[in-house]
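Take a look at the structure set out below.
Numbering (the working numbering), first residue to last: 474 to 866.
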């Protein structure tokens with residue numbers, strides 16, 4: 474087995490290959506799903522930077538032992554990020570990595586597989602139905618850890634087969650990630666983040682915001698500023714470097730957004746609309762926001778008077794992936810946030826969350842089921858991926 478120095482050299486070579494194929498990755502994402510080249514280029518930057526600094530995670534894995542073969546089913550968004558975070562972690566920890574792709578991004582799948590094949594520890598599988606790929610992983614005794622993402626139903630389907638593995642890692646749906654804006658928040662900082670974070674990549678990340686609860690004392694100001702920021706977002710060709718939102722080419726995502734609108738009949742549409750594959754940023758105003766598995770360019774705004782009630786409302790969700798807040802929360806709120814969400818950002822000033830930060834959700838948004846000696850342990854929350862890819866027994 475290669476030592477850490479040799480592994481880091483391989484990881485650096487992977488980073489260089491991803492960087493070399495930047496333009497190809499950008500064009501593939503645009504053709505597959507309408508992802509703007511502006512976004513995919515940033516994903517490449519994040520992946521390359523993460524891989525080139527992966528030695529920072531050596532301390533948390535050097536005393537562990539590899540599982541052997543780790544398998545994963547990639548989502549259709551952010552393939553290069555998943556390759557860096559999970560694939561880079563496998564390289565660092567000495568595991569083999571077998572992975573399949575979403576049927577929604579065939580060109581990106583072909584390209585990521587092409588980038589991966591020269592590396593001995595990677596086993597990309599292209600063109601295979603993921604149900605077959607998943608069943609093969611269940612049947613193959615060499616696969617000791619399976620990483621999956623998708624809907625709650627997908628997570629539960631594999632959970633029924635957890636005995637086939639030593640560890641099952643599920644990164645589930647974001648649900649409707651929320652932003653909370655308290656009375657002493659900076660309206661400009663909050664509105665800028667909410668508008669950009671909600672519609673980044675057409676809202677096609679599990680951590681993109683889908684609702685914002687804003688204190689009534691600054692609601693009008695924040696709402697106005699959000700709408701002004703949204704107006705500046707360019708909807709157009711994904712190959713245009715100035716485009717913020719391209720066409721939503723994945724039919725499933727369009728149907729999810731249409732279903733969400735149908736369940737928000739009592740809302741008021743402030744801006745946006747749907748025209749076939751073009752979904753212009755939808756901003757709605759409502760008091761009763763449903764608890765949905767939602768993906769796409771959708772944002773619901775709601776005012777509140779009582780901060781304690783607002784905190785209670787956002788934590789009473791089936792999903793616990795991501796929460797951002799601005800201003801000062803009431804006493805005890807931080808504890809509630811941390812117990813209900815995998816990732817919590819206080820007054821964030823970035824739009825893309827750094828890959829070095831732990832990633833993951835709680836409740837139906839993510840969990841780990843792991844065999845520890847003769848019993849199974851269930852955990853949830855945000856994880857450092859490389860640390861989860863080694864055994865410590």
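Virtual Cβ for every residue (Gly too), placed ideally from N, Cα, C. Quick caveat: nothing in here was measured; it's all calculated off a predicted structure.
N-terminal and C-terminal residue of the alpha helix (DSSP H) that residue i is part of
i, result
"residue 791", "Here residue 791 belongs to no alpha helix (DSSP H), and DSSP marks it neither H nor E."
"residue 499", "495-506"
"residue 725", "724-735"
"residue 809", "806-813"
"residue 859", "858-861"
"residue 605", "603-612"
"residue 626", "625-632"
Sequence-distant residues of its chain with Cβ nearer than 6 Å to residue i (five each side left out)
i, result
"residue 742", "757"
"residue 490", "588"
"residue 772", "671, 756"
"residue 530", "859"
"residue 803", "780, 781"
"residue 569", "542, 594"
"residue 596", "571"
Residue i, buried or exposed, once every other Cβ within 10 Å from all chains shown has been counted against 16
i, result
"residue 608", "exposed"
"residue 767", "buried"
"residue 728", "exposed"
"residue 862", "buried"
"residue 717", "buried"
"residue 684", "buried"
"residue 735", "exposed"
"residue 455", "As displayed, the chain neither begins before 474 nor continues past 866, which places residue 455 out of reach and without an answer."
"residue 631", "buried"
"residue 654", "buried"
"residue 610", "buried"
"residue 707", "exposed"
"residue 667", "buried"
"residue 688", "buried"
"residue 658", "buried"
"residue 835", "buried"
"residue 633", "exposed"
"residue 823", "exposed"
"residue 875", "In the structure as shown, the chain starts at 474 and stops at 866, and residue 875 therefore has no counterpart that could be examined."
"residue 702", "buried"
"residue 449", "The structure shown does not extend to residue 449, since the chain spans only 474 to 866, so no value can be given for it."
"residue 853", "buried"
"residue 605", "exposed"
"residue 850", "exposed"
"residue 590", "exposed"
"residue 533", "exposed"
"residue 808", "exposed"
Residue range of the beta strand (DSSP E) that includes residue i
i, result
"residue 542", "542-546"
"residue 845", "839-845"
"residue 475", "Element bounds for residue 475: n/a, residue is neither H nor E."
"residue 617", "616-622"
"residue 643", "640-644"
"residue 771", "771-777"
According to DSSP, residues forming a beta bridge with residue i
i, result
"residue 798", "653, 819"
"residue 753", "746"
"residue 484", "The partner list for residue 484 (beta bridge, DSSP) is empty, contrary to what the question assumes."
"residue 851", "842"
"residue 597", "572"
"residue 741", "758"
"residue 721", "According to DSSP, which records beta bridges pairwise, residue 721 is partnered with nothing at all."
"residue 829", "DSSP output for residue 829 lists no bridge partner at all."
"residue 835", "793"
Chain-order list of residues whose beta-carbon lies under 8 Å from that of residue i (same chain, five-residue window excluded)
i, result
"residue 510", "499, 500, 502, 503, 711, 712, 713, 714, 716"
"residue 639", "540, 617, 618, 843, 844, 864"
"residue 602", "576"
"residue 661", "698"
"residue 505", "549, 577, 578, 579, 580, 581, 722"
"residue 816", "680, 794, 795, 796, 826, 830, 831, 832, 833, 834, 855"
"residue 828", "519, 520, 522, 523, 554, 557, 558"
"residue 636", "none"
Chain D contact for residue i (CB, 7 Å cutoff)
i, result
"residue 810", "Among the chains in the structure shown there is no chain D, since it carries only a single protein chain."
Contacting residues, own chain, Cβ-Cβ under 7 Å from residue i (five flanking each side not counted)
i, result
"residue 599", "574, 582, 583, 586"
"residue 760", "775"
"residue 726", "677, 768, 769"
Inset, instruction - Ignoring anything shorter than 3 residues or poking outside the stretch 653-708, list the beta strand (DSSP E) runs there in chain order. - result: The stretch 653-708 contains these whole beta strand (DSSP E) runs: 684-688.
Inset, instruction - Give, in chain order, every unbroken run of the alpha helix (DSSP H) that is at least 4 residues long and sits entirely within the stretch 520-591. - result: Entirely contained in the stretch 520-591, the alpha helix (DSSP H) runs reaching 4 residues are, in chain order, 552-555, 561-566, 579-589.
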